[in-house]
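Asker: By the count of the numbering used here, the sequence shown reaches residue 394 at its end, each step adding exactly one. One structure, as structure tokens, below. Some questions next.
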Amino acid sequence: MQKKIALITGVTGQDGAYLSELLLSKGYIVHGIKRRASLFNTDRIDHIYQDPHMENRSFILHYGDLTDSMNITRIIQEVQPDEIYNLGAMSHVRVSFETPEYTANADGIGTLRILEAIRLLGLINKTRFYQASTSELYGLVQEIPQTEKTPFYPRSPYGVAKLYSYWITVNYREAYGLHASNGILFNHESPVRGETFVTRKVTRALSRIALGLQEKLFIGNLSGQRDWGHAKDFVRAMYLMLQQDEPDDYVIATGITTTIREFIRLAAAEIGLELTFRGKGTDEKGFITEIDEKKFAEKAGEKYLYRQIENIKNKKAIIEVDSRYFRPTEVELLLGDPSKAKSHLDWRPEYTLPAMIEEMMDSDIKLMQKEKLLSEGGYKTLNFYE
Ligand code: NAP
Ligand code: G4F
Numbered sequence: 009m010q011k012k013i014a015l016i017t018g019v020t021g022q023d024g025a026y027l028s029e030l031l032l033s034k035g036y037i038v039h040g041i042k043r044r045a046s047l048f049n050t051d052r053i054d055h056i057y058q059d060p061h062m063e064n065r066s067f068i069l070h071y072g073d074l075t076d077s078m079n080i081t082r083i084i085q086e087v088q089p090d091e092i093y094n095l096g097a098m099s100h101v102r103v104s105f106e107t108p109e110y111t112a113n114a115d116g117i118g119t120l121r122i123l124e125a126i127r128l129l130g131l132i133n134k135t136r137f138y139q140a141s142t143s144e145l146y147g148l149v150q151e152i153p154q155t156e157k158t159p160f161y162p163r164s165p166y167g168v169a170k171l172y173s174y175w176i177t178v179n180y181r182e183a184y185g186l187h188a189s190n191g192i193l194f195n196h197e198s199p200v201r202g203e204t205f206v207t208r209k210v211t212r213a214l215s216r217i218a219l220g221l222q223e224k225l226f227i228g229n230l231s232g233q234r235d236w237g238h239a240k241d242f243v244r245a246m247y248l249m250l251q252q253d254e255p256d257d258y259v260i261a262t263g264i265t266t267t268i269r270e271f272i273r274l275a276a277a278e279i280g281l282e283l284t285f286r287g288k289g290t291d292e293k294g295f296i297t298e299i300d301e302k303k304f305a306e307k308a309g310e311k312y313l314y315r316q317i318e319n320i321k322n323k324k325a326i327i328e329v330d331s332r333y334f335r336p337t338e339v340e341l342l343l344g345d346p347s348k349a350k351s352h353l354d355w356r357p358e359y360t361l362p363a364m365i366e367e368m369m370d371s372d373i374k375l376m377q378k379e380k381l382l383s384e385g386g387y388k389t390l391n392f393y394e
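Below is the structure:
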């Protein structure tokens, strides 16, 4: 039997990497579009990279960009994919307020470029299309929990650009009969989540604080609530959508929502630190109030314990609010209802939030232990207050 061919935009991103792994494990030939960068930016896919001199490669990268129609059309023509997963995007909500035009171009019109290429190349009956839609579409939520039927009210240039992509995907499905589906994915994270999204920012910073590489974490809105799942579970849902006889739109979520404050508490508890928050608004601060010394020693190392004991003695805050991380318009609460995905796709998340946090903390502690070795060896290491 001929192997299926998939094309993934955003292959160097968190989801691109997990989806590539999944499709390769299912015997696909996977093509990915990567942007040219002045440095290597393939860390997340280096473990599956195949040298171009190898024969019969199953993982092939192409230079490209969603803002370049000719490039996108040429790649689709060359690859003749059975499935396209459009994961490429300027995906940071806060940054989209600073780069709204670029965000509209890549995250909105970029989707149209792919859809129109499929049509012009005569691939409507061959190629199936997945659009990385988002819970940011719900923005100022009109209903709790959010379902496929909840009206959209985006609150950022990112959300508005993704709204265009959502509807142009529906339009190509209805107008031309394209097998095109929207996955309305709620937040999903992992050890390879971008460092400036809140979960990874927290797990990195707490790991650095534990090892004495950093003193404080500066954070934005602590009261925001997110429905966080694991990227590994969520890319499985993308794949399942394109295996259905009929295209459709699905909410992918865990059905549990948690505040940023609670996420920080859970991540700290993972290395034996009990955190207490005191104060209100921009004066709110997080303090270590207890230590499970055995757990801390096991996870971070006994020799670093004294610093945290000092922090308790000196009542030193390790978390502070910095309004620079606030957004002009915030999405305060996201909570998804994945019933349709459960009944139609037989999709269920395997990870719980605590299991995901454990994986992220273990991974970042390991990463920071390398940094610590460098700094103890006299090499300069940098502090990133992302
Ligand atoms: P990510 O880690 O930020 O990855 C984004 C990918 O898009 C990267 O490979 C990036 O390339 C690429 N990209 C950016 N601009 C591009 C352009 N102009 N042309 C081509 N590629 C471009 O995002 P993610 O978390 O994997 O998310 C994947 C998709 O799902 C995105 O569309 C995101 O908006 C959407 N989404 C994410 C979540 C979530 O919680 N993770 C939830 C709902 C929807 P570089 O590596 O060169 O930057
Ligand atoms: O981690 P975040 O930046 O993710 P956000 O804005 O929810 O967007 C992510 O999920 C969307 C799906 O709902 C995706 F479509 C999108 O591409 C992206 O992957 O922020 C989460 C929450 C927000 O309420 C934010 O205000 O955390 C709050 N937050 C508080 N302090 C912070 C910070 N966010 C960031 N990035 N940095 C902070 O210091």
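The beta carbon of each residue, even a glycine, is placed where N, CA and C say it ideally should be. Here the structure is a predicted model, which is why all the values come from computation and not from measurement.
Taking the alpha-carbon positions, what's the residue 357 to residue 268 distance?
Answerer: Taking the straight line from one Cα to the other gives about 21 Å.
Asker: Once you ignore the five residues that flank residue 165 on each side, which residues in its own chain have a CB closer than 7 Å to its CB?
Answerer: Cβ within range, chain order: 104, 105, 108, 111, 112.
Asker: I'd like to confirm something about residue 268: is its beta-carbon nearer than 7 Å to some heavy atom of the ligand G4F, or not?
Answerer: Checking the Cβ of residue 268 against the ligand G4F gives yes.
Asker: Note down the Cα distance separating residue 94 from residue 323, rounded to an integer number of angstroms.
Answerer: C-alpha separation (whole angstroms): 48 Å.
Asker: Spatial neighbours of residue 26 within its chain, please: C-beta separation below 6 Å, excluding the five flanking residues on both sides.
Answerer: These residues qualify, in order along the chain: 239, 240, 243.
Asker: Any chance the CB of residue 107 is under 7 Å from a heavy atom of the ligand G4F?
Answerer: No.
Asker: What are the residues that DSSP puts in a beta bridge with residue 15?
Answerer: According to DSSP, residue 15 bridges with 39, 92.
Asker: Using the Cα positions of residue 70 and residue 234, report the straight-line distance between them to the nearest angstrom.
Answerer: So the two alpha carbons sit approximately 34 Å from each other.
Asker: Span of the alpha helix (DSSP H) holding residue 121?
Answerer: 118-128 is the span of the alpha helix (DSSP H), which, as asked, contains residue 121.
Asker: What first and last residue would you give for the beta strand (DSSP E) that runs through residue 327?
Answerer: 325-329 is the span of the beta strand (DSSP E), which, as asked, contains residue 327.
Asker: With DSSP collapsed to three states, give me the class of residue 143.
Answerer: It is helical.
Asker: Roughly how many angstroms lie between the CA atoms of residue 73 and residue 191, to the nearest whole one?
Answerer: Taking the straight line from one Cα to the other gives about 22 Å.
Asker: Restricting to Cα atoms, I'd like to know which of 250, 172, 42 is closest to residue 19.
Answerer: When only C-alpha atoms are compared, the closest one is 42.
Asker: Below 7 Å, is the gap between the Cβ of residue 26 and the nearest heavy atom of the ligand G4F?
Answerer: Checking every heavy atom of the ligand G4F against the Cβ of residue 26, none is found closer than 7 Å.
Asker: For residue 186, which three-state DSSP category applies?
Answerer: Residue 186: coil per DSSP, three-state reduction.
Asker: On the DSSP bridge list, what partners appear for residue 237?
Answerer: According to DSSP, which records beta bridges pairwise, residue 237 is partnered with 196.
Asker: Which of the three DSSP states is assigned to residue 191 in this structure?
Answerer: The answer is strand: DSSP assigns residue 191 an E or B state.
Asker: Where residue 330 and residue 274 are concerned, what is the direct C-alpha to C-alpha distance, given to the nearest angstrom?
Answerer: About 21 Å.
Asker: Which partner residues does residue 259 have in the DSSP bridge list?
Answerer: Per DSSP, 192.
Asker: For the alpha helix (DSSP H) holding residue 24, just list the boundary residues, first then last.
Answerer: Start and end: 22-33.
Asker: Examine the ligand NAP and report whether any of its heavy atoms sits within less than 7 Å of the Cβ of residue 43.
Answerer: True, at least one ligand heavy atom lies under 7 Å from that Cβ.
Asker: Would the C-beta of residue 245 count as close to the ligand NAP, meaning under 7 Å from any of its heavy atoms?
Answerer: Answer for residue 245: no, Cβ out of range of the ligand NAP.
Asker: To which residues of the same chain is residue 303 closer than 8 Å at the C-beta, ignoring the five residues directly before and after it?
Answerer: Here the set comprises 279, 280.
Asker: Tell me whether residue 333 counts as near the ligand G4F, meaning its Cβ is closer than 7 Å to at least one heavy atom of that ligand.
Answerer: Within the cutoff, so yes.
Asker: Using a threshold of 7 Å, is the CB atom of residue 73 nearer than that to any non-hydrogen atom of the ligand NAP?
Answerer: For the ligand NAP, at least one heavy atom lies less than 7 Å from the Cβ of residue 73.
Asker: Can at least three beta-carbon pairs, one atom from the segment 216-233 and one from the segment 152-163, be found at a separation below 8 Å?
Answerer: These segments do not touch.
Asker: Please name the residue in 263, 264, 282 whose C-alpha comes closest to that of residue 272.
Answerer: Residue 272 has its Cα closest to that of 282, out of 263, 264, 282.
Asker: Is residue 374 buried or exposed, if buried means 16 or more other CB atoms sit within 10 Å of its CB?
Answerer: So residue 374 ends up on the exposed side.
Asker: Where residue 158 and residue 48 are concerned, what is the direct C-alpha to C-alpha distance, given to the nearest angstrom?
Answerer: Residue 158 and residue 48: Cα-Cα distance of roughly 41 Å.
Asker: Just the C-alpha distance for residue 203 and residue 355, rounded to the nearest angstrom, thanks.
Answerer: Roughly 28 Å separates the two Cα atoms.
Asker: Extract the residue ranges of the beta strand (DSSP E) inside the segment 290-314, only unbroken runs of 3 or more that lie entirely within it.
Answerer: Those beta strand (DSSP E) runs which fall completely within the segment 290-314 and span 3+ residues are 293-299.
Asker: Going by C-alpha to C-alpha distance, which of 172, 81, 98, 148 sits closest to residue 127?
Answerer: Residue 81 is the option with its Cα nearest to residue 127.
Asker: Which partner residues does residue 67 have in the DSSP bridge list?
Answerer: Answer is 38, bridged to residue 67.
Asker: Given residue 382, which residues of its chain have a CB within under 6 Å of its CB, disregarding the five upstream and five downstream residues?
Answerer: If we look at residue 382 and ignore the five residues flanking it on each side, its Cβ neighbours are 389.
Asker: Using 8 Å for Cβ pairs, my map puts residue 353 next to residue 188. What's the rounded Cβ distance?
Answerer: With a Cβ gap of about 16 Å, residue 353 and residue 188 do not count as contacting.
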